[in-house]
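Just below is one structure, and these are the notes that go with it.
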Amino acid sequence: MGGYGDIEMIDENGLRMDGRTATDVRPITIETGVVPVADGSCRMTWGTNDVIVAVYGPMEAHPRKIQRQDRAVLDVRYNMAPFSTTDRIRPGFNRRSREISKVTSDALESVVLLEMYPRSKIRVEIEVICAEAGTRCVGLTAASVALAHAGIPMSDLVVSVASGKINDIVVCDLNKEEDNYGEADLPMGILPNSGEIVFLQMDGDLSQEEFQTAWDYNVAAAYEVHKIMIEALKNGGVN
Amino acid sequence: MGGYGDIEMIDENGLRMDGRTATDVRPITIETGVVPVADGSCRMTWGTNDVIVAVYGPMEAHPRKIQRQDRAVLDVRYNMAPFSTTDRIRPGFNRRSREISKVTSDALESVVLLEMYPRSKIRVEIEVICAEAGTRCVGLTAASVALAHAGIPMSDLVVSVASGKINDIVVCDLNKEEDNYGEADLPMGILPNSGEIVFLQMDGDLSQEEFQTAWDYNVAAAYEVHKIMIEALKNGGVN
Amino acid sequence: MGGYGDIEMIDENGLRMDGRTATDVRPITIETGVVPVADGSCRMTWGTNDVIVAVYGPMEAHPRKIQRQDRAVLDVRYNMAPFSTTDRIRPGFNRRSREISKVTSDALESVVLLEMYPRSKIRVEIEVICAEAGTRCVGLTAASVALAHAGIPMSDLVVSVASGKINDIVVCDLNKEEDNYGEADLPMGILPNSGEIVFLQMDGDLSQEEFQTAWDYNVAAAYEVHKIMIEALKNGGVN
Amino acid sequence: MAIPLVSKLLRAHLLELASKDERLDGRGRWEGRETNLEIDILPRAEGSAKVTMGDTIVYAGVKFQLMKPYPDRPNEGGLMCGAEVRPVAGRNWEPGPPSAESIELGRVVDRGIRESGCIDVKSLCIIPGEKAWQVILDLFAISDDGNLFDAFALAGIAALKTATLPCERFEVGQDQKLELSSLPIMCSYHKVGNRFVYDANYKEELGGDERIHITLGEDDHVHSLQKGLKGIFSAEEFVEIMEKAKDTSKELRKLVNSVVGE
Amino acid sequence: MAIPLVSKLLRAHLLELASKDERLDGRGRWEGRETNLEIDILPRAEGSAKVTMGDTIVYAGVKFQLMKPYPDRPNEGGLMCGAEVRPVAGRNWEPGPPSAESIELGRVVDRGIRESGCIDVKSLCIIPGEKAWQVILDLFAISDDGNLFDAFALAGIAALKTATLPCERFEVGQDQKLELSSLPIMCSYHKVGNRFVYDANYKEELGGDERIHITLGEDDHVHSLQKGLKGIFSAEEFVEIMEKAKDTSKELRKLVNSVVGE
Amino acid sequence: MAIPLVSKLLRAHLLELASKDERLDGRGRWEGRETNLEIDILPRAEGSAKVTMGDTIVYAGVKFQLMKPYPDRPNEGGLMCGAEVRPVAGRNWEPGPPSAESIELGRVVDRGIRESGCIDVKSLCIIPGEKAWQVILDLFAISDDGNLFDAFALAGIAALKTATLPCERFEVGQDQKLELSSLPIMCSYHKVGNRFVYDANYKEELGGDERIHITLGEDDHVHSLQKGLKGIFSAEEFVEIMEKAKDTSKELRKLVNSVVGE
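This is the structure:
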């Protein structure tokens, strides 16, 4: 969070630099089946973000020591392609990617019915092809679509959205410029059917009141994004 | 061994800069049970050295390929905490730590009755929290106390002491300044009941005569340190 | 391939700087049995190249997961010693060595009768002690001699030679200076009994006609080198 | 970290205890273990603290290095925060490169401190574009009986508050205190027996589900949140633990101030 | 890459098909799959392309960095080419450090481009001995249904041909196109059922033997060759595929020119 | 290094031999194997030696690099000594990162040379604080039939004694010999069949217990000691091998001088 508040990110009519109101979400598209060799897949664009997710499995978990007798193992990887950002990302180990992989995995484990596939493994591969802001939210949302496309049973889809604060104003779904100068970021993973939460992070500075506003914006946006997800799955069918 | 002999490390009365005679050992304290979740543990301070050792086991050795049919495996790690020295130590692989872990393990294997626990593993974790000089001696000595505290049977305790040479004079138990300007260092691991040796290293320059003196100082000091170890184990009991 | 064509590498009589004609190969020696503890070994010098190969096996392949039910596993490593080149080579992982190991292994797998040793492993260790140019050819050729010396059955020996282009002229077996200024390099692995190919790489720039000439030079040279290999195996016998 | 097998018995026992509003070690649901804070205990560090929370024991040490400021922030120094949980700390911690667990530990504590803005990185600049201080906070666990997150965060902020810039050793003026403009405090809640409790111990962690880490600053401003592990929670549950965190963070801030001096 | 077990049935089936001059998916022996080339599809890259060959899908992205020329070549910039096949691309690709397979992939594609001399490395120099451009070509597989080599090579050369030097962002003048003096094209042949075929798919690779990669430039000049995997071939076999490569490379060069513009 | 299983039979056999004061290969207790030293055998190294001790064969090569002296020792160059035992040397040596065994090998040989002070690191300084020579001694095993320690130490000191500073190639004056002020020699003793023997071969190492490495310089000054492996020894035992080391080191020093020239 940069917090360089001298640039005007919101005009006198409450509109943001890209014309959105405080609660508007960037344009979203979802296409399933984009990785033909996978068991399920989708491509999600969200603003300039471009994320591809492939799902493999359920398949036999090996080596055997990683098997669980009573459920499937979920193996989630989040990765940014080297050309996905303005400064090239060197391939290889990366603490940020490791942490995002872990929280994404934790969120998906909360909804995937792993008990249905004892001793097996389900792989979820999230590749960020082009990054704007909020890639972890796009990755988690797209992963739940790809799992559904692969026919993996889940208790609910996960919709992930982040709200934040710029120029002391809380707004939904920060774009890249807003993220650079933003003062806080609150990404959440929401179950649209129950309103419950499976993913939560936040950093920056939010008063208790601002925090509540950001939370509410996220919940409202999640319902909108959920409609697009359902539409894409209807069009794309299940693999 | 620096060997810059122009600084006077010993005065006309044969006293060293910290007031010790040639054969005096720095002040030592030992406290057992400092790692409550371990099966045995101790903290040893020796001069400004501050070392914590935890022992886990005997427990099942896995993966199975590391098991030995006729005895336990001893897994010893020596490590310096990043804040243990004036210049921060970067965490991770380190040739010096690997070598000290190996010679410490070799020394302890010589006394621990490993045959009593076939197919199992005993872990010894040596953590240097604050380093002065002679950390390998402190680590080895403290490890044998922690093993005793864990109730692991041993043929004897190991007492480790180093003597060295400064300004062409042999002295016992070099402190940090003496070590910086010293011309030789002879650390030994001694069994106080038999006077036998399980650990021996040396580097620098010692004539055969000086070498004999350093050896004798170490043996004498070992008996003194041994008393403190016994006292601590009496007070702390066995876990 | 440098391609700095202003240095005259071939004189008016068609002779190269070291006196060879376009089709001459550098001097070669082969000695078997140079690694006494190995099951088969040889040392090959080729110009200033000095390469040692040791073969271990067939022996049990472990861990068991690398075993193949119907054949032996061939484990080939090509490595350059740190002092083998003018600029010291740092030990450790190296993409070039990994790739040469793989293509050498692929070539040898094509001739070694691996089906005769199910569930076992054969190790081939190629160490370049001194490098001039064409070390991958020397390594592959010497490896087939060492395998023969170890008594491992093969359908044929492999002879590896490289031709290239300097000053727009195709010549056989580039030496170091020629390699530095050369415009192309075509290393091949040839079976002298059938004339078939098991190894092929090339980079640089060759017209179709030049390519054919380089190919023909390699095949002719392979028959000459083959004689030296046979001679060495006769003298050294099989282990 | 090796994943220990959790017996169904433990989970069932925890559920039963929860139904009676009890905990394994007799504590109340929002009650923390006895917490002890010592400072200046690492002679080679420029700032240090040791925190004991029940049988959980951790150290924090601060070291400083000179750095060249990043080209896009020529007037700023830096903060680096690393958490190491070596196998000394418990039978399930393993040697080797940092596990996903210890990476998460370090990054969550780091964010709580960094995002609170308590360290003015501009004040760490010595010569713009040329020389600045890098603050390195190393967190080191000695005994893990659960809730390393809060222990690390508490030791970390206390160590920073006691730290002195070693200007003399680096020949850039006179030694001076590192200034902290606020005291961010982390409080962690773990779902055990289907309800959130504060300061879970190791067994509760083992038989529990998700955990939530909240870092609060002055006036209850939120600086960092993290949900870890598999688990689902409701907005109502979150509101309840946020309320508790407001109280507990104030108490812990008082403890730091009483030991370090405001 | 995990090595999948190949059933003897698959090999027998491929052999039988070959005896009837047929292939698994009905193609002719020298027929490639439907190939599609898109450019400028990666907004953060300075040049980009996506290639679809049947169910094989890859991306190529070009980035530029400033570098200090190597002391022995003060007037030259550099080219770096990396191929990554991450586990997204298929069930047998595994995470972790690059496998021998992906190292070979990157190095073979790199050599074809580098040795053709299509990039004039001298033109990449900005200030001799001080500053030059480094061209970084990243090849990234999304879906591997066989013949990643040709897909990578095609996407790579197309991405380079669309690339723009970001001089303005690096404050060294005005943006300008990267000049390519030629278009090296790779064609790969795989021995399947005891005969070579062009553009093998994943199943053919699985049940096949050696493969040969040929990179040809203008006037059929040879720039790079590589034989991969276990297998023996004759001079006659090689002559045959070289003839086929001359034709196919011309067709693919035409495709690149038609999409990118000459 | 893979740990081979040692049969109890081998240990029993060695014990029986020892009781008769015999050894596996018929040598006397303090007798070394036939030792051969060749120099100048690596054309790309600035100093080199090859040592054969029975079936143990090793190379040592010296290379020089320019370095910037360490800030706290501006008038000194450096010495780096690395031992690599690659799988070529025997069936139990494995590929991969250096094992604990090969790290110990390198460090023990390094200390013997470094601590003898035979290289005057001040003489390696070219421009104080700016430029100095770094001596790199690489030890490389070709065949391990036991006692790599002594073979490495002997080859190492001989290679250093033949080394020439490549001043001309680095354009810092005329080539000159590396000066050695003394010749530290290592002698290693292994407890086999319950008694120490000199120069154990591989089978004796396999069925033996602890080993002791002694490096002696001029006038029998001690420069380095190391006890390796599990085992207990008495002061009397140590006195005995120290006496033997005094004799043997003198003989080996004579060998080096006769081959290299004093």
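Residue numbers (our numbering), protein chains in the order written: chain A, -4 to 234; chain B, -4 to 234; chain C, -4 to 234; chain D, 247 to 508; chain E, 247 to 508; chain F, 247 to 508.
Cβ coordinates follow ideal geometry from the N, Cα and C atoms, glycine included.
Per DSSP, which one or two residues make a beta bridge with N282(F)?
-> T298(F)
Where do the ends of the beta strand (DSSP E) carrying F442(D) lie?
-> R441 to Y444
Could you work out which residue in P113(B), Q207(B), D180(B) and S150(B) is closest to P53(B) when comparing CA atoms only?
-> Ranking P113(B), Q207(B), D180(B) and S150(B) by CA distance to the CA of P53(B) puts P113(B) first.
By a C-beta neighbour count over all protein chains shown, 10 Å radius and 16 as the cutoff for buried, is F194(C) buried or exposed?
-> buried
Other residues of its chain near R275(F): CB distance less than 6 Å, five sequence neighbours each side excluded | V443
Within its chain, find whatever has a CB closer than 6 Å to the CB of K407(F); leave out the 5 residues flanking it on each side and keep chain order.
-> L426 and V506, listed in sequence order.
Using Cβ-Cβ distances below 7 Å, what residues of the segment 375 to 405 of chain D are close to chain A?
-> none
Taking only runs that begin and end inside the segment 127 to 167 of chain B, name each unbroken alpha helix (DSSP H) of 4 or more residues, in chain order.
-> 130 to 144
C-alpha distance - G(-2)(A) paired with D163(A), whole-angstrom precision = Low confidence applies to G(-2)(A): its pLDDT is 43, below 50, so where it sits in the model is not reliable enough to give any reading.
CB contact below 9 Å: D416(E) versus chain C = As written in the sequence, residue 416(E) is Phe, which differs from the Asp given in the question. Not one chain C Cβ lies under 9 Å of F416(E).
Quick check: the segment 57 to 64 of chain A against the segment 110 to 125 of chain A, are there 3 or more CB pairs under 8 Å?
-> yes
Using beta-carbon positions only, say whether G358(E) and V98(C) come within less than 9 Å of one another.
-> no
From F386(E) to A76(A), what distance separates their C-alpha atoms?
-> Those two C-alpha atoms are separated by around 8 Å.
From the DSSP output, in three-state form, read off H259(D) for me.
-> helix
If you measure from the beta carbon of N89(A) to each beta carbon in chain E, is any gap under 9 Å?
-> no
Going along chain B, which residues have a C-beta under 7 Å from E330(D)?
-> E330(D) reaches chain B at P86, counting residues in chain order whose Cβ is nearer than 7 Å.
To the nearest angstrom, report how far apart D209(A) and T24(A) are at their CA atoms.
-> The sequence given here has Ala at residue 209(A), not Asp. Inter-residue distance for A209(A) and T24(A) is about 24 Å (C-alpha atoms, whole angstroms).
D13(C) at chain F interface by Cβ criterion, 9 Å = By this cut-off, D13(C) is not an interface position.
Nearest candidate by alpha-carbon position, reference L501(D), set E456(D), Q420(D), G453(D) and L400(D) = L400(D)
Is there at least one Cβ from chain B nearer than 9 Å to R290(D)'s Cβ?
-> Yes, R290(D) counts as interfacial toward chain B.
Check distances from the C-beta atoms of the segment 300 to 321 of chain E to those of chain A and list, in chain order, the residues that come in under 8 Å.
-> D301, I303, Y305, G307, V308, K309 and Q311
Going by the CB atoms, is the gap between D384(F) and T302(F) shorter than 9 Å?
-> no
Residues in the segment 340 to 365 of chain F having any Cβ partner in chain B nearer than 9 Å = P343, P344, A346, E347, I349, E350, G352, R353, V354, R357, G358, R360, E361, S362 and G363
Secondary structure at R457(E), three-state DSSP: helix, strand or coil?
-> strand
Could you list which residues in chain E have their beta carbon closer than 7 Å to that of N245(A), in chain order?
-> Nothing can be reported for residue 245(A): it is not among the residues displayed for chain A, which extend from -4 to 234.
Tell me, please, whether the CB atom of Q196(C) is closer than 9 Å to any CB atom in chain E?
-> yes
Proximity test, Cβ basis, 9 Å: V506(D) and chain B = no
is_contact[P53(B), chain D] using C-beta, thresh 9 Å = no
Got a sec? Which residues, its chain only, sit under 8 Å from V29(C) by beta carbon, not counting five neighbours each side?
-> Only S36, C37, R38 and I47 meet the Cβ criterion.
Thinking C-beta only, is R279(F) closer than 9 Å to D445(F)?
-> At a Cβ-Cβ threshold of 9 Å, D445(F) and R279(F) count as neighbours.
Residues near N213(B) by beta carbon distance below 6 Å, same chain, minus five either side = V156, S158 and M183
Residue interval of the beta strand (DSSP E) (run including N74(B)) | Looking at the DSSP string, the run of the beta strand (DSSP E) that includes N74(B) is V68 to M75.
How is L351(F) classed by DSSP in three states: helix, strand or coil?
-> Helix, per DSSP.
Check whether the Cβ atoms of L394(E) and D356(E) lie closer than 9 Å to each other.
-> no
Step through the CB atoms of chain C and report whether any lies within less than 9 Å of the CB of A481(E).
-> yes
Using DSSP bridges, identify the partner residues of Q311(E).
-> Q380(E)
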